[in-house]
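Colleague: Below you will find the structure I want to go over with you.
Protein chains in written order, with the working numbering: chain V, -2 to 510; chain B, -2 to 510.
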C-alpha cells in the first residue's frame, strides 16, 4: 500500500486496472507531450453513411469481443441508446465489451445483466446512480469500475488510456452525412458536450437519431468529418428523463440559508464585480445560489462574464436578463436551457475537453471565479466525497466536481452538517472525490468553515462579519448530536478506482461486506 | 521518369521533396489509418497566454532553425501576419525556416528576400500570385515549392507530411485565453476555415490580433484548448486586400454568355431541382453564373440546399433571399459575406478539412451537386491548368479546384477559348492542376464540350438542344485562329511539385530557362 497526496492508502497494483501513479497534488502531473493518434477515413462521393439498422452499423464498424464502446449521458435517465446498443450487441453474441458511459443512471439497469452474462467486461464512468451502482457496491462485478471526472475522461481518451473503438452518439438530429446536434428534432436534449472528444478519437463513430434533416444540418455539434455511420432509430431518448436525479429546485429554509451564505462568501471575497463568472453544481442549495447571486448582481449593478456547467433555465434567464454575457454549456438540464442553447447566440455548446481537460492548452474551469459545490461528506481536511453515501454505497461521482474545484478562484462547498441524523462533516470521508487542497470553504447551517490554507479569504470573511466556524469545532458540534459515524464494513475487493482528473489514483472504493 | 495517371512524366525522385507516389486516379490512394499525434498542453489556473510581443511569443514556442511555421490567407493580399512574423524571425537570426502559407499573394513579396537570405528554406502553398511566383518561376529558389489543394493541405498536415511546428493565426478578434474568430473587431475578415486544422495539429499555436475582447469570445472559430499564446499587434490585416486578385465581377458579354450556358448545363443535367447545392470558383464568369442560377431557381420555384466555397456577397444575397438554406464558408470574399457570416445562423464557417480533405470520414465537396470552375488552359483530355500562364509562369494554383471537381456531381469548366490571341483549349496543358477524369464539361464561346466519359450528360445536353462541340474540333478551330501555342522553354530544374489532393504527384513545374 502507498499513501497518496490525499492521505489515502492505495494498493501499488490493482488487478484489471492500468499501471498508475497515486494522486500527488492538484496540478502535480504533466501530460505526455502528444495525444493518441486519431483515425482517418475515406468517403467517396455518393457513398452512403446512412445504414438500415443498428446491427448493420455494428458489423460495419468491425466491432470485436473485448473492444471498448462509448456512450454519453445527455439524456441522463431518459437515455435509450446505451441499452439499445448493448442489447443488440448481446443478441449478436459479443463478449467482454468494455463500456465507457460518461454517466450511469437508473435507466441503465440492464447493464447489470450484461455484466453478469459476460457481454460486458469493463465499465468506466464519471457518475453512477441506481441499480448499476447498487450491484457494483455489492461486489457483483468481476472488474473494477473506473471513475473519472468530466475533464479527466476527455484527458484519458486523448491520452489513449481510454481507447474508444466505437462511439455511439445519441443525437436529437442528424443529416445523412453525419452532421449532428442536440437542439433540433422532437427529442432535443441540448448540449452534446460530453461526446465530442470521443468523436475525434474513436476509431469508428455511429450517430443514432430519430430525426433526419436534409444536408447540411445546422448547427453541427460535431461534423461529417468525424462520423462513419448514421442509423435511424424509433426514439433516441426521452428529454423528460434529463431532470431525474440531481437536478431539483429547493424551497426549504435551511438550504436557502446555505445558498445565501454561499453568495455572501462570493461577495466578501471581492469576486462579485464586473465580469464575474460562476458555476453551480446540481445540488438544490447550489442551484438556489444562482437566484441569490442574481439579486446581488442587481443590487450592485454588476454584469457578469459567463455562467457554465450543467445549465438550467435559471442560468438561461440570467443570460437573457443581461446578467451574464455568455453561457458555456456541456449539458442542458431542462427545456428552457435547451431552447436557450438553440436560440441565444450567447449560449454556447462546449466540449468537456474545453470545459475541464487539465491536459489541453487551456480549459474553461481555469477562467471560473466562483464555483458552488455540493457534498455528501466533507472531512476536516476539506476533502469532499460525492461518490459514496454514509453506508458506503455508490450514489454519484465527480462529474465536474473535482475539475471546477481545481480550476476556479473560489470553490465553495454547500451542505447541511447533518442529513437524517447522519453527520456530513466528519473526520475522514469514506471516498475522496475532490482533494481538500482545492476547496476554499464549507458552508453549513452553523456558518462558514474556511480552509486554513486560505488565509486571505479568512480575513475577508471576518471583515465582512460573516459567521465563521472552525471545521474541527463544527465536526465536534455535529458529533455531539449524531454520535460518531460508523464506517461501513468493506471487503478487500476493489469495486472501483477513483481517478483524479489528471489520471492519478485519488482513492479506491471497496465492495461492501 | 514515370508516367503518372494524368499522363505526365514525373521523376522517380525529387531532391528536397518527400518519397512519393505518382498520381493514380481521383480516388486511387487510401490513407494511413491514423492521423499524426497532436500536441497536448497544460495551463494552470491564472497562467497567462497573452504575451507582450511577437518576439517573446516566438521564443516561448521554442522555434528553432529549420522548423516549419504556418500562415493562412484569409486576408489574401491584405495579410500582414506572415510578413511580420518572418521579418521578426529574420531579425532574430533564424535560418532555414519552412513556410506553410496556405496562399501566397503579391503582399508576400518580402518572402523572396527571406528565401535569398536563407531565413526561409522551404515553402508550401495552395495558390501563388505575384513576386514570389515570379521569382520561383525564374528558378530563384534553392528548393522545390510544394503546391497542394485546399483539402490536400489539411490532409498533409493530419498525415504528418506537413508537420507544423508553430502556427501563426491572424485573427480579427481574440480573448486572453486564446479563443478567436474572424468576424469581430475592426479588421473582420470572415471565415478562418483554412487555419483550423493547423490549430489542431501544430505543436504550438500563436494567435495574433488587433482586437482583444473579454473572455469568453463568441463565436470561437477555434478555442482555448488549442492555443498556446496570444499577441496583440497594431493591425492584423487589411480587409480591403481580400478582394485583390481572382475575385472580380464581370460585365463583358462573352463571359456572361459562358455563365448562362454553364447554368443551362446544370439545368439540362437534371440537378436544378429542390435541394440543389452549388459552388462557383473565383473567376468572373463562374461568379456571374451564381446570378443566373438565381434567375433559374426563381423561374422553377426551386429552393436549394447550400452554397459553398470562397463566399461572395452574391451568395449571401441568395441565402438571405431564401434560395439556399445554408452557406458553408471557408473564406469570405467581401464585406457583405463577412457580415452574413457574423449575423446569419445559416451561414456557417467550416474548416478546409470539412470542405475538402479526401482522407477524413467525409467532406462537404462530396455533397456538391454543381461546381463551376475557371481554367487557364484545358486540354483535349479535359485536364485543367490553373497553375501556370501560357508563358509558363506560375500565377495561381488549385485552391479548391481539384477538390471540388473530384467531389461534385457535375464539374463545369467555364473559359473563353482564346485570351489575347492565346489559345486556351490546347493539346496538352502546361501543368495539370485538375485531372480530366474529374471534369464533366467545358463551356466556351463555341458551345459546350462534354467529356466523352460522361455519356449520360452528353445525351441530356443533346436533348436540351444546347450547342455542343467536340473538344478536338474546338481545339482545331481555336488553332486556326491563333496558331499552335509555343510551349515555354523550361529548364531541368524543378521549381515546384504539384500534389494532387491525396498527396500523390500529379505534375511538376520546371523553372523557365
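Using N, Cα and C, we set each Cβ at its ideal position, and we do this for glycine too.
1. Determine the direct distance from the alpha carbon of residue 396 of chain B to that of residue 369 of chain V, and round the result to whole angstroms.
2. Can you list, in chain order, the residues of its chain with a C-beta nearer than 7 Å to that of residue 454 of chain B? Leave out the 5 residues immediately preceding and following it.
3. Counting only Cβ-Cβ distances shorter than 9 Å, please list the residues of the stretch 36 to 48 of chain B near chain V, keeping chain order.
4. Rounded to whole angstroms, what is the Cα-Cα separation between residue 440 of chain V and residue 413 of chain V?
5. Give the residues from the stretch 215 to 237 of chain V that approach chain B closer than 9 Å (Cβ to any Cβ), ordered along the chain.
6. What residue range is occupied by the uninterrupted alpha helix (DSSP H) comprising residue 326 of chain V?
7. Does DSSP classify residue 177 of chain B as helix, strand or coil?
8. Can you find the residues in the same chain that come closer than 7 Å, C-beta to C-beta, to residue 457 of chain B, ignoring five residues on each side of it along the sequence?
9. At what residues does the alpha helix (DSSP H) containing residue 201 of chain V begin and finish?
10. Along the chain, where does the alpha helix (DSSP H) that runs through residue 218 of chain V open and close?
11. Determine the direct distance from the alpha carbon of residue 178 of chain V to that of residue 168 of chain V, and round the result to whole angstroms.
12. Hey, which unbroken runs of the alpha helix (DSSP H) at 4 residues or more fall wholly within the stretch 134 to 199 of chain V?
13. So what's residue 365 of chain B in DSSP terms, helix, strand or just coil?
14. Between the alpha carbons of residue 488 of chain V and residue 508 of chain V, how many angstroms are there, rounded?
15. Counting only beta-carbon atoms, is residue 124 of chain B nearer than 8 Å to chain V?
16. Quick check on this structure: which residue in B/257, B/189, B/121 has the alpha carbon closest to the alpha carbon of residue 289 of chain B?
17. Closer than 8 Å, CB to CB, is residue 497 of chain B near chain V or not?
18. Take residue 41 of chain B as the anchor and find which of V/164, V/86, V/361 has the nearest alpha-carbon.
19. Residue 33 of chain B versus chain V: which residues are under 8 Å apart at the beta carbon?
20. So for residue 102 of chain B, helix, strand or coil by DSSP?
21. At a CB-CB cut-off below 9 Å, which residues of chain V make contact with residue 363 of chain B?
22. Would you list the residues sitting across from residue 310 of chain B in a DSSP beta bridge?
23. In whole angstroms, what is the alpha-carbon distance linking residue 504 of chain B and residue 157 of chain B?
24. Are the CB atoms of residue 204 of chain V and residue 58 of chain V nearer to each other than 8 Å?
25. Name the two residues that bound the continuous beta strand (DSSP E) containing residue 507 of chain V.
26. Name the one or two DSSP bridge partners that residue 122 of chain V has.
27. If we count Cβ pairs, one from each stretch, closer than 8 Å, do we get three or more for the stretch 403 to 412 of chain B versus the stretch 305 to 318 of chain B?
28. Is it right to say residue 498 of chain B is buried, meaning 16 or more other beta carbons lie within 10 angstroms of its own, or is it exposed?
29. On the CB-based measure, 16 or more other CB atoms within 10 Å of its CB, does residue 371 of chain B come out buried or exposed?
30. Which of the three DSSP states, helix, strand or coil, is assigned to residue 344 of chain V?
31. Measuring alpha carbon to alpha carbon, tell me which of V/491, V/501, V/500 ends up nearest residue 510 of chain V.
32. Quick one: give me the first and last residue of the beta strand (DSSP E) that residue 227 of chain V is part of.
33. Can residue 211 of chain B and residue 172 of chain B be called in contact, C-beta distance under 8 Å?
34. Could you spell out where the alpha helix (DSSP H) holding residue 289 of chain B opens and where it closes?
35. Less than 8 Å between the CB atoms is what I'm expecting for residue 365 of chain V and residue 404 of chain V, so what's the real figure, rounded?
36. Compute the Euclidean distance between the alpha carbons of residue 323 of chain B and residue 251 of chain B, then round it to the nearest angstrom.
Modeller: This is what the structure gives:
1. Against the first chain, residue 369 of chain V aligns to sequence position 372. Against the second chain, residue 396 of chain B aligns to sequence position 399. Looking at the two C-alpha atoms, the distance is approximately 50 Å.
2. Taking the second chain and counting its residues from 1, the one referred to as residue 454 of chain B is at position 457. Once the five neighbours on either side are set aside, the close Cβ partners of residue 454 of chain B are 266, 437, 438, 447.
3. 36, 37, 38, 39, 40, 41, 42, 43, 44, 46
4. Within the first chain, numbered from 1, the residue matching residue 440 of chain V stands at position 443. Within the first chain, numbered from 1, the residue matching residue 413 of chain V stands at position 416. Distance between the alpha carbons of residue 440 of chain V and residue 413 of chain V is about 8 Å.
5. 215, 216, 217, 220, 221, 222, 223, 224, 225
6. The sequence position of residue 326 of chain V within the first chain is 329, counting from 1. Where residue 326 of chain V is concerned, there is no enclosing alpha helix (DSSP H), although the beta strand (DSSP E) it sits in stretches over 321 to 329.
7. Locating residue 177 of chain B in the second chain gives position 180, where the first residue counts as 1. In the structure shown, residue 177 of chain B sits in a strand (DSSP, three-state: E or B).
8. By 1-based counting over the second chain, the position of residue 457 of chain B is 460. Cβ neighbours of residue 457 of chain B beyond the five flanking positions: 265, 266, 267.
9. By 1-based counting over the first chain, the position of residue 201 of chain V is 204. Careful: residue 201 of chain V lies outside any alpha helix (DSSP H), inside the beta strand (DSSP E) at 201 to 206.
10. Counting from 1 along the first chain, the entry for residue 218 of chain V is found at position 221. Element bounds for residue 218 of chain V: n/a, residue is neither H nor E.
11. Here residue 168 of chain V is taken as the residue at index 171 of the first chain, counted from 1. Here residue 178 of chain V is taken as the residue at index 181 of the first chain, counted from 1. Cα to Cα, the separation comes out at about 6 Å.
12. 147 to 156, 193 to 198
13. Numbered from 1 along the second chain, position 368 holds the residue referred to as residue 365 of chain B. Three-state DSSP puts residue 365 of chain B in coil, outside helix and strand.
14. Sequence index remark: in the first chain, residue 488 of chain V carries index 491 (1-based). Sequence index remark: in the first chain, residue 508 of chain V carries index 511 (1-based). Those two C-alpha atoms are separated by around 6 Å.
15. In the second chain, the residue the question calls residue 124 of chain B occupies position 127. Chain V, which has no Cβ nearer than 8 Å to the Cβ of residue 124 of chain B, makes this no.
16. In the second chain, the residue the question calls residue 289 of chain B occupies position 292. Cα-wise, what sits closest to residue 289 of chain B is B/257.
17. The count along the second chain starts at 1 and reaches residue 497 of chain B at position 500. Not closer than 8 Å to any Cβ of chain V, the Cβ of residue 497 of chain B fails to qualify, so no.
18. Taking the second chain and counting its residues from 1, the one referred to as residue 41 of chain B is at position 44. Of the listed residues, the one whose Cα sits closest to residue 41 of chain B is V/361.
19. By one-based count along the second chain, residue 33 of chain B stands at place 36. What residue 33 of chain B touches in chain V: 34.
20. By one-based count along the second chain, residue 102 of chain B stands at place 105. Coil.
21. Within the second chain, residue 363 of chain B is the residue found at index 366, counting from 1. Simply 40, 41, 42, 43, 44, 174, 221.
22. By 1-based counting over the second chain, the position of residue 310 of chain B is 313. Per DSSP, none; premise fails for residue 310 of chain B.
23. Locating residue 504 of chain B in the second chain gives position 507, where the first residue counts as 1. Locating residue 157 of chain B in the second chain gives position 160, where the first residue counts as 1. In a straight line, the C-alpha of residue 504 of chain B is about 22 Å away from that of residue 157 of chain B.
24. Here residue 204 of chain V corresponds to residue number 207 of the first chain, with the count starting at 1. Here residue 58 of chain V corresponds to residue number 61 of the first chain, with the count starting at 1. Against a cut-off of 8 Å, the Cβ pair of residue 58 of chain V and residue 204 of chain V comes out as no contact.
25. In the first chain, residue 507 of chain V corresponds to position 510, counting from 1. Per DSSP, residue 507 of chain V belongs to the beta strand (DSSP E) from 502 to 509.
26. Walking along the first chain from the start, residue 122 of chain V turns up at place 125. Beta-bridge pairing links residue 122 of chain V to V/144.
27. no
28. In the second chain, residue 498 of chain B corresponds to position 501, counting from 1. Buried, since its Cβ has 16 or more Cβ neighbours within 10 Å.
29. Sequence index remark: in the second chain, residue 371 of chain B carries index 374 (1-based). Buried.
30. For the purposes of this step, residue 344 of chain V is identified with residue 347 of the first chain, where counting begins at 1. DSSP places residue 344 of chain V in strand when its eight states are reduced to three.
31. The count along the first chain starts at 1 and reaches residue 510 of chain V at position 513. Measuring from the Cα of residue 510 of chain V, the nearest candidate turns out to be V/491.
32. On the first chain, position 230 is the one that residue 227 of chain V refers to. Here the beta strand (DSSP E) through residue 227 of chain V covers 226 to 229.
33. Position 214 of the second chain, counted from the start, is the residue given in the question as residue 211 of chain B. Position 175 of the second chain, counted from the start, is the residue given in the question as residue 172 of chain B. Yes. Within cutoff.
34. By one-based count along the second chain, residue 289 of chain B stands at place 292. It spans 281 to 297 - the alpha helix (DSSP H) in which residue 289 of chain B sits, taken as one unbroken run.
35. Your numbering for residue 365 of chain V matches position 368 in the first chain. Your numbering for residue 404 of chain V matches position 407 in the first chain. About 6 Å separates the two Cβ atoms, so the contact holds.
36. Position 326 of the second chain, counted from the first residue, corresponds to residue 323 of chain B. Position 254 of the second chain, counted from the first residue, corresponds to residue 251 of chain B. Approximately 31 Å, taken between the alpha carbons.
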